[in-house]
Amino acid sequence: MSLTTLAAALLADDGTEPWSARVGERVEQVVAAMPGHTRFALRAAAAALDAFALARTGRQLAALSVDEREAVLAPLSAYPALVALLDVVKMPVLLAAGTERMLHEQASATASAAPSATAPPIAPPIVPPTDPPLDCTPAGHWPARSTADAVVIGSGAGGAMAARTLALAGLDVVVVEEGEHYTTAWFAGRPPLERFTRLYRDGASGFAVGSPPLLLPQGRAVGGTTVVNSGTCYRPPEHVLRRWSARSGFRLAEGFGPLLDEVERTLRVATQPLDVLGRNGRLALAGAERLGWRAAPLRRNAPGCLGSCQCVVGCPTGAKQSVQLSVLPDACAAGARIVTGARVSRILVDGDRPGGPRAAGVRIRSRDGGETEKEILAPLVVVAAGAVQTPPLLRRSGLGGHPRLGRNLSVHPATSVAGRFEAEVTSWRGVLQSAGVEELHADGILIEATAAPPGMGSFVLPGLGRELRRELEGTGHLATLGAMIGDRPSGRVLGRGGGLIRYDLDRRDGARLMRSVRAMGAVLFAAGATEVLTGIPAAPRVRTLAELDEVLSQTGPRALHLSAFHPTGTAAAGADPRRAPADAEGRLRGVRGVLVADASVLPSCPEVNPQLSIMAAALAVTGACLERLGAGAPPTRPTPPPSASVADRPTGPTR
75 MSLTTLAAAL
85 LADDGTEPWS
95 ARVGERVEQV
105 VAAMPGHTRF
115 ALRAAAAALD
125 AFALARTGRQ
135 LAALSVDERE
145 AVLAPLSAYP
155 ALVALLDVVK
165 MPVLLAAGTE
175 RMLHEQASAT
185 ASAAPSATAP
195 PIAPPIVPPT
205 DPPLDCTPAG
215 HWPARSTADA
225 VVIGSGAGGA
235 MAARTLALAG
245 LDVVVVEEGE
255 HYTTAWFAGR
265 PPLERFTRLY
275 RDGASGFAVG
285 SPPLLLPQGR
295 AVGGTTVVNS
305 GTCYRPPEHV
315 LRRWSARSGF
325 RLAEGFGPLL
335 DEVERTLRVA
345 TQPLDVLGRN
355 GRLALAGAER
365 LGWRAAPLRR
375 NAPGCLGSCQ
385 CVVGCPTGAK
395 QSVQLSVLPD
405 ACAAGARIVT
415 GARVSRILVD
425 GDRPGGPRAA
435 GVRIRSRDGG
445 ETEKEILAPL
455 VVVAAGAVQT
465 PPLLRRSGLG
475 GHPRLGRNLS
485 VHPATSVAGR
495 FEAEVTSWRG
505 VLQSAGVEEL
515 HADGILIEAT
525 AAPPGMGSFV
535 LPGLGRELRR
545 ELEGTGHLAT
555 LGAMIGDRPS
565 GRVLGRGGGL
575 IRYDLDRRDG
585 ARLMRSVRAM
595 GAVLFAAGAT
605 EVLTGIPAAP
615 RVRTLAELDE
625 VLSQTGPRAL
635 HLSAFHPTGT
645 AAAGADPRRA
655 PADAEGRLRG
665 VRGVLVADAS
675 VLPSCPEVNP
685 QLSIMAAALA
695 VTGACLERLG
705 AGAPPTRPTP
715 PPSASVADRP
725 TGPTR
């Protein structure tokens with residue numbers, strides 16, 4: 075069975091609604107961006123459902139009427155475990171359907187607002203600003219061999235800040251980025267779904283295997299995940315900084331205060347004004363106020379935000395100051411260059427240097443499958459590929475010998491609920507992540523009002539067939555909240571390729587997730603919700619807080635639909651050489667000239683959205699490196715031998 079037929083069955087499509095005609099095509103577009111094993115699994119699920127229909131009716135699903143498909147789907151709802159599995163299959167379908175409904179409604183609104191002799195003229199569309207220039211070169215056009223003072227691997231929060239710091243100090247910096255460069259004008263000119271499939275690694279289908287499995291999306295573009303994050307900017311709590319410094323020995327955290335100030339100035343961080351917050355955020359604030367709970371609009375790096383609610387697919391107005399707009403332009407103005415669409419095969423190491431192995435650059439190849447490898451020689455390599463990609467890169471470079479590399483993974487496990495209101499909410503008009511409820515933050519629970527474009531959030535609507543169709547058509551009356559947990563480091567990144575993630579939810583964190591569902595339900599009911607959608611397959615709807623308490627008493631966290639964000643800690647810095655792969659100043663142990671300056675260097679979960687923490691850490695690590703070099707003097711570049719650029723033999727065991 076094709077995915078088009080599967081989508082039609084799940085949405086009870088009878089062909090009468092014009093928006094549903096292209097849903098199947100959109101589903102194929104979403105799935106095509108996913109890796110092979112995910113595509114196989116989704117198509118296998120479609121085939122299994124087709125076989126089930128054939129066994130029950132003697133005909134395949136495509137040959138059945140809407141009513142007959144409903145009869146096939148109905149028995150499946152009696153099995154919560156099967157419903158939970160189908161929720162995974164529903165995600166690309168809802169993403170495609172939400173996009174088509176939104177485009178159809180926009181087109182209908184534009185047509186109905188056509189000017190006439192008596193009507194006022196339609197306001198002109200917003201013209202996106204021109205982005206600051208970046209010096210970007212596609213990997214295919216980069217020379218086969220080049221030199222620099224420093225190579226920075228990754229252009230996200232950590233990599234961008236590291237590149238800017240080093241370039242402003244006078245070093246010749248090359249940034250290597252696996253993704254492509256997308257502009258604000260590109261975002262503004264394309265529907266959200268196309269951006270979604272292009273801006274995320276593997277079409278946002280990444281996940282952590284374990285108990286339970288977690289969806290873990292990762293951005294991939296010039297600017298990294300800052301291009302697709304919410305723009306929320308929390309400073310790490312003081313108790314977290316004390317823990318990093320005193321317990322872990324990451325002494326650079328002691329000076330984070332001024333560095334965080336600098337990062338906030340760079341990103342133009344400010345509290346989000348109420349006038350653009352959106353009804354989703356205002357309902358969260360109203361519910362918290364009625365409960366007497368601490369809550370406020372979030373601080374964000376989005377001055378002049380227009381409330382387009384598209385942060386997770388690239389801001390189409392240029393308001394969100396992701397690092398390709400706020401940090402990398404300064405780096406390029408100081409001479410930094412960016413290689414795009416380039417995957418780093420390995421970090422090159424010269425093992426014959428006096429004093430032990432030393433970084434000598436990187437070997438890259440085009441991400442589009444080009445076979446020719448190219449070398450960028452440099453005596454300083456800054457690894458900022460992200461907490462999931464950094465450990466595999468170090469392993470395939472022969473630098474993965476530390477027993478704790480890839481361990482200590484925190485992922486901010488998260489869950490969502492939705493509240494139905496009698497009045498229209500239209501949660502996707504306004505700020506995507508708008509308000510924070512911090513009443514339970516001291517216990518590691520942070521609640522944020524979060525509403526993505528239709529189908530793009532982490533909340534999965536309940537039901538199959540006509541029930542799911544009604545839920546989709548009623549999303550305008552839903553307000554959504556998300557909660558994330560400052561978790562114990564319960565995961566690890568395995569392998570040498572793309573990074574296999576293993577994560578088993580800690581029992582304490584599971585209890586806090588259940589508590590967060592109860593808290594979010596309380597906020598929504600206090601704000602006037604008539605029912606709450608729980609995300610729990612066995613009891614997807616409750617109408618009172620007492621009913622929610624009863625449901626939660628009979629289930630556990632593994633029944634929730636869970637996502638994960640903000641992976642950290644997999645190459646943690648610290649004083650203890652037995653526990654920390656990087657030393658107290660972010661230098662990778664066992665080799666000279668390799669710094670770690672991304673989320674993996676953080677010793678533990680920051681308990682808040684981590685962009686400011688990552689950027690401050692990168693600023694601290696590279697600043698300490700410049701102090702060691704002395705007044706910013708560039709290190710000596712390696713001289714390539716006549717037959718081979720470097721002796722890149724491994725310096726430690728690999729896993």
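Numbering (this note's numbering), first residue to last: 75 to 729.
Even for Gly, the Cβ is constructed at its ideal location relative to N, Cα and C.
Residue i, buried or exposed, once every other Cβ within 10 Å from all chains shown has been counted against 16
i: A193; result: For A193, the predicted model reports a pLDDT of 45, less than 50, meaning its position is unreliable; a value from the coordinates is still stated below. Per the 10 Å Cβ criterion, exposed.
i: V249; result: buried
i: A278; result: buried
i: F270; result: buried
i: H476; result: buried
i: L156; result: exposed
i: D124; result: buried
i: F330; result: buried
i: V350; result: buried
Residue i (DSSP reduced to helix, strand or coil)
i: A369; result: strand
i: S627; result: helix
i: G352; result: strand
i: F281; result: strand
i: D424; result: strand
i: L242; result: helix
i: I450; result: strand
i: E605; result: strand
i: Q395; result: coil
i: Q463; result: coil
i: P332; result: helix
i: L468; result: helix
i: Q134; result: coil
i: C210; result: strand
i: R632; result: helix
CB contact flag (residue i, residue j, <7 Å)
i: V436; j: I412; result: no
i: V301; j: S396; result: yes
i: G667; j: A647; result: no
i: A601; j: L357; result: yes
i: T414; j: H255; result: yes
i: A236; j: V225; result: no
i: G334; j: L700; result: What sits at residue 334 in the sequence shown is Leu, not Gly. Result no, Cβ atoms of L334 and L700 do not sit closer than 7 Å.
i: D246; j: C406; result: no
i: V296; j: E336; result: no
i: L169; j: V105; result: no
i: S730; j: A213; result: Residue 730 is absent from the structure shown; the chain starts at 75 and stops at 729.
i: V343; j: E681; result: no
i: G323; j: A658; result: yes
i: I450; j: V418; result: no
i: Y577; j: A282; result: yes
Neighbourhood of residue i by C-beta, 6 Å cutoff - its chain only, sequence neighbours within 5 removed
i: E545; result: L535, G537
i: A86; result: V140, G539, R540, R543
i: G706; result: Confidence in G706 is poor, its pLDDT being 45 and thus under 50, which makes the residue's placement unreliable; the coordinate value appears in the next sentence. The residues are A243, G244, L700.
i: R264; result: none
i: H640; result: H486, P684
i: I533; result: First, the amino acid is wrong: residue 533 is Phe here, not Ile. Hits under 6 Å: S490, A492, T554.
i: R702; result: none
Contacting residues, own chain, Cβ-Cβ under 8 Å from residue i (five flanking each side not counted)
i: R586; result: D517, G518, I519, I559
i: A557; result: A488, T489, S490, I519, L520, I521, E522, L587, S590, V591, A593, M594
i: P266; result: T173, M176, Q384, V387, P527, M530
i: L348; result: R356, P371
i: R503; result: G352, R353, G381, C383
i: T211; result: R411, I412, V413, T414
i: P744; result: Here the chain has residues from 75 to 729 only, and residue 744 is not among them.
7 Å Cβ shell around residue i - same chain, five flanking residues per side excluded
i: Q292; result: Y274, R275, G280, T299, G460, V462
i: Q628; result: none
i: E328; result: S319
i: E142; result: T131
i: L359; result: A369, A509
Taking one C-beta from the region 223–242 and one from the region 661–680 each time, how about it: are there three or more such pairs within less than 8 Å? Using a Cβ-Cβ distance cut-off of 8 Å, the region 223–242 and the region 661–680 are in contact, since at least three pairs of beta carbons, one from each stretch, lie closer than that value.
Assess contact between the region 598–615 and the region 568–575, defined as three or more Cβ pairs (one per stretch) separated by less than 8 Å. Is contact present? With a cut-off of 8 Å, the region 568–575 and the region 598–615 do not count as touching, because too few Cβ pairs lie within range.
Answer yes if the region 547–555 comes into contact with the region 343–360, meaning at least three C-beta pairs across the two stretches below 8 Å, and no otherwise. The region 343–360 vs the region 547–555: in contact.
Between the region 361–380 and the region 494–511, are three or more C-beta pairs nearer than 8 Å? With a cut-off of 8 Å, the region 494–511 and the region 361–380 count as touching, because enough Cβ pairs lie within range.
Are at least three pairs of beta-carbons, each pair with one atom in the region 621–636 and one in the region 390–408, less than 8 Å apart? Contact between the region 621–636 and the region 390–408 is absent, because fewer than three Cβ pairs lie under 8 Å.
Within 8 Å, do at least three Cβ pairs link the region 687–696 to the region 468–484? Note that the region 468–484 does not touch the region 687–696; fewer than 3 beta-carbon pairs, one per stretch, sit closer than 8 Å.
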